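>
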Amino acid sequence: MDLLSLSHFIVLLFLIATALAAIIVEDLLSAIIIYSAYSFTIAFTYLIFRANDVAMTEAAVGAGVTTILFIAAFCKTKGKESDLVNHEAHEGHGEKTK
Amino acid sequence: MNNSLIVKVVSQKMVPFIIMLGASIILHGAATPGGGFQGGVVIGAAYILFALGIDAKTARLRLPVIKVKIVESAGVLIYAFTGLGGILLGSNFLANKIVLFPPQGEPGGLFGGGTLIPITIGVGIHVACTVASLYYAFVEYEGEPKPDKETE
Amino acid sequence: MKRSVAVILFAVFAVCMIVVVLHLYPVGDPRLPGYADFIPAEIPSEEIPRRADSVATYYNRNSARDVGGTCVIASVILDYRGYDTLYEATVLFTAVIACLALIGKDHHHE
Amino acid sequence: MIARFDYIAAVILFSIGLYALVVKPNLIKKLIGLNIIETSVYLFLIASGDVRLGIYTNQWAASNVIDNPQRAVQGLEPMINPIPSALVLTAIVVSVCVTAIALSVVVKLYQHYGTLDAREIASLKG
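Protein chains in written order, with the numbering used here: chain A, 1 to 98; chain B, 1001 to 1152; chain C, 2001 to 2110; chain D, 3001 to 3126.
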C-alpha cells in the first residue's frame, strides 16, 4: 500500500469517525458543527476521486448553506436536546420546555 | 446587535472579494470546474456574511425582499429564454452549437461554450438569490409567537 | 436495552450490505458499469472510434466538439441534459416558496 | 477488502445515518442522519464512477479530448465517468431543498408543540 492509498484510507476512517461523532454527541450545536466537518471531509474524499465539481458543490453547500440552515433552525428552536436516554446527565444544562 | 468592531469591519470589507470569487467561478463555468450553482452559493454566502456582520434590518434595507424575488425569477427566465432562442433560430429548445446563438469562440475560452455562458449566468443569479431568500426565511424572522403551554 | 438491540440490528444490516458490496468490481476497475462497453485491451487502436458505445465514452470524446466547453461535466449538465438543470432550478424555486410560505414573515404588510 | 473499502465506507455511513434517522428522537438529529445517508449514496456513486488504474491525475488537465483511448485504459490518460458527477450535482441541489423544507417544518412543529422530541409530538394530540 503506497502513501497515497494510505492517506485515502485515513481520510475514509476520519469520515466514519466524524459521522459517528455527529450522531453520538448530545449537544445539538456540537453535532451540527461536527456535521459541517464531516461535510468538508467528504468533499475532500470527492476530490480524491477526481470529481472536482462535486467537491466544490459539497464544500459550498454542505459545509456552508446546510450548516447555516441547521444553526438557524437550532436558534429558532432554542436548542433543546431531548434525547431522553442521557437526560439525567444533562439535567443542569438546560431545563425542558414543559 | 452588538458585534465587536473587528467582526463588523472585516465582514464588511471581505464582501466584494467573495463576490468577485463567485463571479469568477460563474464566468469560467464552461472552461473549468465550477459553474452556476457553486458560484451562486458563494455569492449568497457573501450576502449572509454581510447580513451577519451588521444588523439584519440594515441588511434587509440594502437588499429588499421583493427585489430578491424579482431577480431570482429573472435568473430562471434567462435560462428559459436562452432555450427559446434556439427555437427562434430554427432548431430545438436549448439547442447549442447548431444555431450559433452567441458567436462561438475558442473551446476553453470564456465564450467558447455557446449557450453555456448565458445559462450559467442565469443559474448563478438564481441560486445566489435563492440562498439570500433562505436566509430571509430562516434567520431574519423575528417576533415569533412563544410556544403555547396549553397545546396538549 | 432498547438502544443496544437497535445497534445490533443495524450492525447486522451493515454486515449484510458489506457482503453484497464485496461482490462488486473493485474501485477504479474499467469493468465498472459506466465503462462496461469501453474498449477492451485486445482491440487494435484503429478500430477504437467505432467502439464508442458507452454514453460516458461519447461524452468524454465528443463534448468539446459538440458543445465547445472544456469542462465535460458542465457540458453534460447544461447542454446534453439541459432540461434536467432547468427543472432543478424550478425545484429550488419551489423549495424557497415553500419555506417562505411555512415560516417566512409577510414582508408586504409592514 | 482493501480495494473495496470505499464501498464499505459508504455502506457503514448509510447504516450510521439510518440508525440516527430511526432511533434518535430529536428531529434535527434525524435530519443530520438523513443528510449522512444522502452523502453516503453520493460517495458510492462517485466511487463507482472513478477509473483510476494506478495513477492519480487531475481531471481538467486533458479530460475533454482523449486522443488515444487505449492509453486511457492503461492509466496513462486521465479520465473519469462524467455521468455520476452530473447526477450527483443535481442530487445535491435537491438534498438542499429537502433539508430546507424539512427544517422549516421542524420549526413550525416546535412553534406548535413546544418540543423537538418525536415521541412527545406523536403522543400529543393536535
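Built from N, CA and C at the ideal position, the CB exists for glycine as well.
Because the structure is a prediction, the values reported are computed rather than measured.
Compare the C-alpha of residue 1071 of chain B against each of B/1048, B/1060, B/1125 and name the closest.
Working through the second sequence from its first residue, we reach residue 1071 of chain B at position 71. Closest by alpha carbon: B/1125.
> Quick one: give me the first and last residue of the alpha helix (DSSP H) that residue 52 of chain A is part of.
On the first sequence, residue 52 of chain A is found 52 positions in, with the first residue counted as 1. Residue 52 of chain A -> alpha helix (DSSP H) spans 52-60.
> Nearest CA to the CA of residue 74 of chain A: which residue from D/3093, D/3100, D/3095, D/3088?
Numbered from its first residue, the first sequence carries residue 74 of chain A at position 74. Minimum Cα distance to residue 74 of chain A is reached at D/3100.
> Could you give the C-beta distance for residue 1053 of chain B and residue 1007 of chain B, rounded to a whole number, given that I count them as a contact under 8 Å?
Reading the second sequence from its first residue, position 53 is the one you call residue 1053 of chain B. Reading the second sequence from its first residue, position 7 is the one you call residue 1007 of chain B. Confirmed, about 6 Å.
> Note down, in chain order, every chain A residue with its Cβ under 8 Å from the Cβ of residue 1035 of chain B.
Counted from its first residue, the second sequence places residue 1035 of chain B at position 35. Those within 8 Å of residue 1035 of chain B in chain A are 53.
> Buried or exposed: residue 3076 of chain D, going by 16 or more other Cβ atoms within 10 Å of its Cβ?
For the purposes of this step, residue 3076 of chain D is identified with residue 76 of the fourth sequence, where counting begins at 1. For residue 3076 of chain D, the predicted structure reports a pLDDT of 46, less than 50, and the residue's modelled location is therefore unreliable. A value from the coordinates is still provided. By the neighbour-count criterion, in which a residue is buried when 16 or more other Cβ atoms sit within 10 angstroms of its Cβ, residue 3076 of chain D is exposed.
> Just to confirm the assignment: which complete alpha helix (DSSP H) runs, minimum length 4, are found wholly within the stretch 1004-1092 of chain B?
1005-1013, 1015-1027, 1036-1053, 1056-1062, 1065-1088
> Residue 3080 of chain D to residue 2072 of chain C, Cα distance in whole Å?
Reading the fourth sequence from its first residue, position 80 is the one you call residue 3080 of chain D. Reading the third sequence from its first residue, position 72 is the one you call residue 2072 of chain C. Looking at the two C-alpha atoms, the distance is approximately 10 Å.
> Give me the Cα-Cα distance between residue 68 of chain A and residue 3090 of chain D, rounded to the nearest whole angstrom.
Looking up residue 68 of chain A in the first sequence gives position 68. Looking up residue 3090 of chain D in the fourth sequence gives position 90. Going by the C-alpha atoms only, they are around 21 Å apart.
> Starting from the beta carbon of residue 77 of chain A, find every residue of chain D whose beta carbon is closer than 8 Å, and list them in chain order.
Working through the first sequence from its first residue, we reach residue 77 of chain A at position 77. Neighbours of residue 77 of chain A on chain D, chain order: 3028, 3106, 3107, 3110, 3116.
> Looking at residue 65 of chain A: is its Cβ nearer than 8 Å to the Cβ of residue 3088 of chain D?
In the first sequence, counting from the first residue as 1, residue 65 of chain A sits at position 65. In the fourth sequence, counting from the first residue as 1, residue 3088 of chain D sits at position 88. Cβ atoms of residue 65 of chain A and residue 3088 of chain D: not closer than 8 Å.
> Give, in chain order, every residue of the stretch 1118-1142 of chain B whose Cβ lies closer than 8 Å to some Cβ of chain D.
Listed by position along the chain: 1134, 1137, 1138.
> The alpha helix (DSSP H) spanning residue 2093 of chain C covers which residue range?
Here residue 2093 of chain C refers to the residue found at position 93 of the third sequence. Its alpha helix (DSSP H) spans residues 2082-2103.
> Find the residues of chain A that neighbour residue 1048 of chain B, judging by a C-beta separation of less than 9 Å, and give them in chain order.
Looking up residue 1048 of chain B in the second sequence gives position 48. Under the 9 Å cutoff, chain A gives 64, 65, 68.
> Could you check which residue in B/1138, B/1127, B/1139 has the C-alpha nearest to that of residue 61 of chain A?
Here the question's residue 61 of chain A lines up with position 61 in the first sequence. Measuring from the Cα of residue 61 of chain A, the nearest candidate turns out to be B/1127.
> Give me, in chain order, the residues of the same chain whose beta-carbon lies closer than 7 Å to that of residue 3103 of chain D; leave out the 5 immediate sequence neighbours on both sides.
On the fourth sequence, residue 3103 of chain D is found 103 positions in, with the first residue counted as 1. Counting only Cβ-Cβ distances below 7 Å, and skipping sequence neighbours, we find 3031.
> Can you confirm whether the stretch 3101-3120 of chain D touches the stretch 3023-3037 of chain D when touching is taken to mean that 3 or more C-beta pairs between the two stretches lie within less than 8 Å?
yes
> Please classify residue 8 of chain A: is it buried, with 16 or more other beta-carbons within 10 angstroms of its beta-carbon, or exposed?
In the first sequence, counting from the first residue as 1, residue 8 of chain A sits at position 8. So residue 8 of chain A ends up on the buried side.
> In this structure, does DSSP put residue 3026 of chain D in helix, strand or coil?
As a first step, residue 3026 of chain D is located in the fourth sequence; it is residue number 26 there, counting from the start. Residue state, collapsed to three classes: strand.
> When you compare only the Cα positions, how much space is there between residue 1038 of chain B and residue 57 of chain A?
As a first step, residue 1038 of chain B must be located in the second sequence, where it is residue number 38. As a first step, residue 57 of chain A must be located in the first sequence, where it is residue number 57. Using only the alpha carbons, I get a separation of about 5 Å.
> Please say whether residue 1035 of chain B and residue 1130 of chain B have beta carbons closer to each other than 8 Å?
Here the question's residue 1130 of chain B lines up with position 130 in the second sequence. Here the question's residue 1035 of chain B lines up with position 35 in the second sequence. Contact: no.
> If you drop the 5 nearest sequence neighbours on each side, which residues of the same chain put their C-beta closer than 7 Å to that of residue 2067 of chain C?
Within the third sequence, residue 2067 of chain C is the residue found at index 67, counting from 1. Answer for residue 2067 of chain C: 2075, 2079, listed in chain order.
> In the DSSP assignment, find the alpha helix (DSSP H) that holds residue 3119 of chain D and state where it starts and stops.
Indexing the fourth sequence from 1 puts residue 3119 of chain D at position 119. Looking at the DSSP string, the run of the alpha helix (DSSP H) that includes residue 3119 of chain D is 3118-3123.
> Quickly, what does DSSP pair residue 3050 of chain D with across the bridge? List them, please.
Translated into positions along the fourth sequence, residue 3050 of chain D becomes position 50. DSSP lists D/3080 as partners of residue 3050 of chain D.
> Residues of chain A with CB closer than 7 Å to the CB of residue 2073 of chain C, please, in chain order.
Here residue 2073 of chain C refers to the residue found at position 73 when the third sequence is read from its first residue. Correct list: 53.
> Determine the extent of the alpha helix (DSSP H) in which residue 1126 of chain B is found, giving its start and end residues.
On the second sequence, residue 1126 of chain B is found 126 positions in, with the first residue counted as 1. Unbroken alpha helix (DSSP H) run through residue 1126 of chain B: 1116-1138.
> Could you check whether residue 3084 of chain D and residue 2060 of chain C sit closer than 8 Å to each other, using their CB atoms as the reference points?
Residue numbering aside, residue 2060 of chain C sits at position 60 when the third sequence is read from its first letter. Residue numbering aside, residue 3084 of chain D sits at position 84 when the fourth sequence is read from its first letter. Not a contact, by the Cβ cut-off of 8 Å.
> Report buried or exposed for residue 1005 of chain B, applying the criterion of at least 16 other Cβ atoms within 10 angstroms of its Cβ.
Here residue 1005 of chain B refers to the residue found at position 5 when the second sequence is read from its first residue. That one is exposed.
> I want to know whether the stretch 36-50 of chain A touches the stretch 3043-3052 of chain D - three or more CB-CB distances under 8 Å.
With a cut-off of 8 Å, the stretch 3043-3052 of chain D and the stretch 36-50 of chain A count as touching, because enough Cβ pairs lie within range.
> Measuring only between beta-carbons, confirm whether residue 3081 of chain D sits less than 8 Å from chain C.
By one-based count along the fourth sequence, residue 3081 of chain D stands at place 81. Chain C, which has a Cβ nearer than 8 Å to the Cβ of residue 3081 of chain D, makes this yes.
> Taking only beta-carbon positions, decide if residue 2086 of chain C is within less than 8 Å of chain D.
Working through the third sequence from its first residue, we reach residue 2086 of chain C at position 86. Not one chain D Cβ lies under 8 Å of residue 2086 of chain C.
> Which of helix, strand or coil does DSSP assign to residue 2056 of chain C?
In the third sequence, residue 2056 of chain C corresponds to position 56, counting from 1. Looking at residue 2056 of chain C - three-state DSSP - the assignment turns out to be helix.
> For residue 1068 of chain B, which residues from the same chain have a beta carbon less than 8 Å from its beta carbon, with the 5 sequence-adjacent residues on both sides left out?
Position 68 of the second sequence, counting from 1, holds the residue named residue 1068 of chain B. The residues are 1129, 1132, 1133, 1136.
> Along chain B, which residues have their Cβ under 7 Å away from the Cβ of residue 2091 of chain C?
On the third sequence, position 91 is the one that residue 2091 of chain C refers to. None at all; the shortest Cβ gap to chain B is about 11 Å.
> Give the interface partners of residue 3100 of chain D over in chain B, defined as CB-CB distance under 7 Å, in chain order.
The residue labelled residue 3100 of chain D in the question sits at position 100 within the fourth sequence. Going along chain B in sequence order, the residues near residue 3100 of chain D (Cβ under 7 Å) are 1134.
> Going along the chain, which residues of the stretch 2003-2018 of chain C sit with their C-beta nearer than 8 Å to a C-beta in chain D?
Within the stretch 2003-2018 of chain C, the qualifying residues are 2003, 2006, 2007, 2010, 2011, 2013, 2014, 2017, 2018.
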